[in-house]
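Quick notes on the structure that follows.
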Amino acid sequence: MSKVKYYYDSDTLSYKKIERKKRNTFKYGAIFILGSALFAFLFVFLASQFVKSPKERALARELQHMELQYRLLNKKMDEAQSVLSNVEERDNAIYRLYFEANPIPEEQRKAGFGGINRYKSLEGFDNSKIIIETNKRMDILQKQIVVQSKSLDEIAVLASDKEKFLASIPAIQPVNNEDLTRMASGYGYRTDPFTKVRKFHYGMDFTAPRGSPIYAAGDGVVTRADNTATGYGNHIRIDHGYGYESLYAHLYKYNVRANQKVKRGDLIGFVGSTGRSEAPHLHYEVWKDNDRINPINFYYGNLSAEEYSNLLEHAALENQSLD
Ligand SMILES: [Zn+2]
Numbered sequence: 517m518s519k520v521k522y523y524y525d526s527d528t529l530s531y532k533k534i535e536r537k538k539r540n541t542f543k544y545g546a547i548f549i550l551g552s553a554l555f556a557f558l559f560v561f562l563a564s565q566f567v568k569s570p571k572e573r574a575l576a577r578e579l580q581h582m583e584l585q586y587r588l589l590n591k592k593m594d595e596a597q598s599v600l601s602n603v604e605e606r607d608n609a610i611y612r613l614y615f616e617a618n619p620i621p622e623e624q625r626k627a628g629f630g631g632i633n634r635y636k637s638l639e640g641f642d643n644s645k646i647i648i649e650t651n652k653r654m655d656i657l658q659k660q661i662v663v664q665s666k667s668l669d670e671i672a673v674l675a676s677d678k679e680k681f682l683a684s685i686p687a688i689q690p691v692n693n694e695d696l697t698r699m700a701s702g703y704g705y706r707t708d709p710f711t712k713v714r715k716f717h718y719g720m721d722f723t724a725p726r727g728s729p730i731y732a733a734g735d736g737v738v739t740r741a742d743n744t745a746t747g748y749g750n751h752i753r754i755d756h757g758y759g760y761e762s763l764y765a766h767l768y769k770y771n772v773r774a775n776q777k778v779k780r781g782d783l784i785g786f787v788g789s790t791g792r793s794e795a796p797h798l799h800y801e802v803w804k805d806n807d808r809i810n811p812i813n814f815y816y817g818n819l820s821a822e823e824y825s826n827l828l829e830h831a832a833l834e835n836q837s838l839d
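Each residue of the sequence shown is one higher than the last, beginning at 517 in the working numbering.
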């Protein structure tokens with residue numbers, strides 16, 4: 517119950533009761549409640565700006581942890597990137613060079629993604645920058661790996677071709693060293709045994725007893741084994757592919773037939789003196805793109821360094837060929 521208040525009326529010279537209007541009571545009450553509510557709201561609002569709730573604190577910690585993880589992830593990507601760069605360097609400088617493939621340019625390896633913005637959905641957040649950067653790096657890293665992987669596929673194909681190529685070219689001496697009685701004559705100007713005229717000798721003559729084995733100088737297909745070409749007598753021609761052919765002339769006997777596939781080192785025939793020949797020997801020619809070339813440049817399969825230098829010395833002597 518509120519106190520009853522009076523006032524002194526100077527006209528009537530008496531105390532009179534102050535009548536409080538009901539409406540005013542309500543008005544003051546409403547203002548008080550509203551004021552308190554406003555104050556409480558302001559207090560909570562201000563407090564929330566400086567004091568965090570336990571849930572908020574947990575979220576903040578989580579966010580910090582996430583940022584740290586992103587940074588660590590970027591460090592790991594740095595490492596992966598440097599390993600990959602090393603592989604790319606070796607790929608360009610060694611593998612692709614060795615197998616005669618063009619190096620892959622840096623721009624192609626590290627190309628980003630043009631056109632539409634792939635990272636739009638990641639924009640507009642406090643941590644957008646680190647998330648977008650990390651995603652970009654990861655995408656480029658992935659692309660680099662794809663490019664590198666394709667390059668290695670290409671190298672694998674080239675390597676198996678190279679192996680085939682190396683097995684195919686005529687690269688061994690077709691007669692065993694033990695069977696040679698002497699190195700008769702090499703490629704170059706020689707005196708013709710029949711006419712005694714100096715003329716170009718397009719092959720190498722290996723002097724060996726009749727019946728000494730002759731071996732295929734490289735993998736290939738026998739294109740002829742007959743005696744229908746002038747001068748060569750019984751002879752064998754092998755097509756090695758890649759523009760290479762080898763020819764073995766003046767044979768005593770054949771050990772292969774036309775269209776037969778042969779491997780390097782296969783026994784294909786025996787030394788004889790058929791055709792335009794003075795004594796038992798093998799006349800050996802190497803052809804490249806329909807030209808006869810010096811076979812001596814190809815013996816690296818079965819000769820030691822010393823044997824090779826002896827062979828070079830003998831073959832260079834301008835003597836009489838056996839044709
Ligand atoms: Zn000859």
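Glycine included, C-beta positions come from ideal geometry on N, C-alpha and C. All values reported here derive from a predicted model rather than from experimental measurement.
Residue environment, residue i, which counts as buried when at least 16 other CB atoms sit within 10 Å
i	result
S677	The sequence given here places Asp at residue 677; Ser does not occur at that position. Exposed, since its Cβ has fewer than 16 Cβ neighbours within 10 Å.
N540	exposed
H581	exposed
A687	buried
I534	exposed
T744	exposed
F722	buried
R563	Before going further, note that residue 563 is Ala rather than Arg in the sequence given. With fewer than 16 Cβ atoms within 10 Å of its Cβ, A563 is classed as exposed.
Y731	buried
D839	buried
Q689	buried
L550	exposed
W807	In the sequence on display, residue 807 carries Asp and not Trp. Flag for D807 reads exposed.
D527	exposed
F814	buried
L696	buried
D735	buried
G759	exposed
V778	buried
P621	exposed
8 Å contact criterion, which residue i and residue j should meet: CB distance rounded
i	j	result
V663	G727	So it is not a contact: roughly 59 Å between Cβ atoms.
Q836	P725	Q836 to P725, Cβ: 19 Å. No contact.
G749	K769	Contact flag wrong, Cβ pair sits at about 12 Å.
I632	E583	Actually they do not touch by this definition, with Cβ atoms about 28 Å apart.
G702	G747	The pair is not a contact, with the Cβ atoms about 18 Å apart (cut-off 8 Å).
A683	R780	6 Å
I685	H756	6 Å
V737	I754	7 Å
E823	N693	6 Å
Identity of the residues DSSP links to residue i by a beta bridge
i	result
T707	R714, Q836
N808	In the sequence as displayed, the identity of residue 808 is Arg instead of Asn. R808 pairs with W803.
P729	F786
S530	D525
L584	None, per the DSSP bridge assignment.
D607	DSSP lists no partner for D607.
R753	R740, L763
K777	V737
Y770	G785
Interface flag, residue i vs chain C, CB-CB below 8 Å
i	result
L638	The chain labelled as chain C is not found in the depicted structure, where only one protein chain is given.
Which residue spans inside the segment 610–697 form an unbroken alpha helix (DSSP H) run of at least 4? 622–625, 644–684
Measuring CB atoms only, is the segment 595–611 touching the segment 667–674, in the sense that at least three cross pairs come out at less than 8 Å? yes
Three or more beta-carbon pairs under 8 Å between the segment 752–772 and the segment 799–815, yes or no? yes
For the structure I just gave you, are there three or more beta carbon pairs, one from the segment 643–660 and one from the segment 584–604, closer than 8 Å? The segment 643–660 is in contact with the segment 584–604.
Three CB pairs or more closer than 8 Å across the segment 649–661 and the segment 592–600: These segments touch.
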